[in-house]
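In this note's numbering, the protein residues as written are 62 to 263.
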Amino acid sequence: ASNRKIAMAGAALADMWTRHFNALGARFVVPDLVRYRGGTLSACGAMRENNAGYCPGDNTIYFDEIFVAGQAKAAARELGTDGDMAAVGIIAHEMGHAVAIQLGIRATSNYGNEALADCLAGAFADESKQDGSLEKGDIEEAFFGMASAGDPTPELTGNSRMDRRILRMVSMHAHGTREQRTANFQRGLNGGAGACIGQFRS
């Protein structure tokens, strides 16, 4: 069921971003969607279990189908809904990376790139709301997914040299705290694609 929802969302995302690119006089090369279990190899190297990622080397979004379905189930248990938008939000986020990379937009920090992808996932939810394709509870599920994927607070040692090293390593892989991730998603949800990337019209 999760994979069917993701296939439908993938088609909707492809249509949305193709239209936005066309409005800029550009072409969006739609990424492939590849599901796996436990790990797989891509043109960007190993894709780990319990993860999803966009690989620009082969223009493919890879996702561990057990992990993604598990996110939907967790949202369903917590919210009393079907939880599907928690799973779809993962794919919308990875599609956001594809959008940014194909436009040549790269932030100077990992967090900047992740924040933009979260905002673009919010823009997808905004367009889905406008075209009437959202179900009751979908927005809450999306926020649940963003919050649950927030970075944990790093455990510091009290040794200033060691703590600087820990914080530097964390920043290299940062996706944002739960508050940051939900705020970035909200920005796209409120303002559409133009609130994330000024080239787009919302």
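For every residue, glycine included, the Cβ atom is placed at its ideal position computed from N, Cα and C.
Euclidean distance between Cα positions of E240 and A135:
The count along the sequence shown starts at 1 and reaches residue 240 at position 179. The count along the sequence shown starts at 1 and reaches residue 135 at position 74. Near 19 Å, if we compare the C-alpha coordinates of A135 and E240.
Roughly how many whole angstroms lie between the Cα atoms of A203 and A62?
On the sequence shown, residue 203 is found 142 positions in, with the first residue counted as 1. On the sequence shown, residue 62 is found 1 positions in, with the first residue counted as 1. Straight-line Cα distance between these residues: approximately 17 Å.
Taking 6 Å as the limit between beta carbons, can you name the residues of its chain near A70, skipping five residues before and five after?
For the purposes of this step, residue 70 is taken as the residue at position 9 of the sequence shown. So the qualifying residues of the chain are V149 and I152.
Taking the alpha-carbon positions, what's the F185 to G219 distance?
Reading the sequence shown from its first residue, position 124 is the one you call residue 185. Reading the sequence shown from its first residue, position 158 is the one you call residue 219. Going by the C-alpha atoms only, they are around 42 Å apart.
Quick check on the DSSP output: the alpha helix (DSSP H) that includes S189 runs from which residue to which?
Walking along the sequence shown from the start, residue 189 turns up at place 128. First-last of the alpha helix (DSSP H) with S189: N171 to Q191.
Could you spell out where the alpha helix (DSSP H) holding A130 opens and where it closes?
Position 69 of the sequence shown, counted from the start, is the residue given in the question as residue 130. Per DSSP, A130 belongs to the alpha helix (DSSP H) from E126 to L140.
Assuming Q163 contacts F89 (C-beta within less than 8 Å), just tell me the rounded distance between them.
On the sequence shown, position 102 is the one that residue 163 refers to. On the sequence shown, position 28 is the one that residue 89 refers to. Right, their Cβ atoms sit about 6 Å apart.
Presumed contact (8 Å Cβ cut-off) between G198 and L140, rounded CB distance
One-based indexing of the sequence shown puts residue 198 at position 137. One-based indexing of the sequence shown puts residue 140 at position 79. About 6 Å separates the two Cβ atoms, so the contact holds.
Note down, in chain order, each residue of its chain lying with its Cβ closer than 8 Å to the Cβ of G249, except the 5 sequence neighbours on either side.
For the purposes of this step, residue 249 is taken as residue 188 along the sequence shown, with counting starting at 1. Cβ within range, chain order: D179, C180, L181, A182, G183, A184, F185, A186, D187, A256 and C257.
Quick one: Cα of H154 to Cα of A161, how far?
Taking the first residue of the sequence shown as 1, we reach residue 154 at position 93. Taking the first residue of the sequence shown as 1, we reach residue 161 at position 100. Taking the straight line from one Cα to the other gives about 11 Å.
Does DSSP put G114 in a helix, in a strand, or in coil?
As a working mapping, residue 114 is identified with position 53 in the sequence shown. Note: G114 maps to strand in three-state DSSP.
Here's a check: name, in chain order, each residue in its chain whose Cβ is nearer than 6 Å to the Cβ of G118, leaving out the five neighbours to either side.
Position 57 of the sequence shown, counting from 1, holds the residue named residue 118. So the list reads A104 and C105, once near-sequence residues are dropped.
Does the Cβ of A130 have 16 or more other Cβ atoms within 10 Å, making it buried, or fewer, making it exposed?
Numbered from 1 along the sequence shown, position 69 holds the residue referred to as residue 130. Looking at its Cβ environment, which holds 16 or more other Cβ atoms inside 10 Å, A130 is buried.
Span of the beta strand (DSSP E) around S103:
Mapped onto the sequence shown, residue 103 falls at position 42. Start and end: G100 to S103.
T238 in three-state terms, based on DSSP:
Looking up residue 238 in the sequence shown gives position 177. Correct three-state label for T238: coil.
Among A159, E196 and G165, which one has its Cα closest to the Cα of D145?
To locate residue 145, count along the sequence shown from 1; it is residue 84. Ranking the options by Cα distance to D145, first place goes to E196.
Which first and last residues belong to the beta strand (DSSP E) in which D93 is found?
By 1-based counting over the sequence shown, the position of residue 93 is 32. Segment D93 to Y97, the beta strand (DSSP E) holding D93.
Option in I122, Q260 and S189 with minimal Cα separation from I166:
As a working note, residue 166 is residue 105 in the sequence shown. The shortest C-alpha separation from I166 is found at Q260.
Taking a contact to mean a Cβ-Cβ separation below 9 Å, would you say R96 touches N64 in this structure?
Here residue 96 corresponds to residue number 35 of the sequence shown, with the count starting at 1. Here residue 64 corresponds to residue number 3 of the sequence shown, with the count starting at 1. Yes. Within cutoff.
What does the alpha-carbon distance come out to for the pair Q247 and E201?
Residue mapping note: residue 247 aligns to position 186 of the sequence shown, counting from 1. Residue mapping note: residue 201 aligns to position 140 of the sequence shown, counting from 1. Using only the alpha carbons, I get a separation of about 11 Å.
Just the Cα atoms here: how many angstroms apart are H81 and N251?
In the sequence shown, counting from the first residue as 1, residue 81 sits at position 20. In the sequence shown, counting from the first residue as 1, residue 251 sits at position 190. Straight-line Cα distance between these residues: approximately 17 Å.
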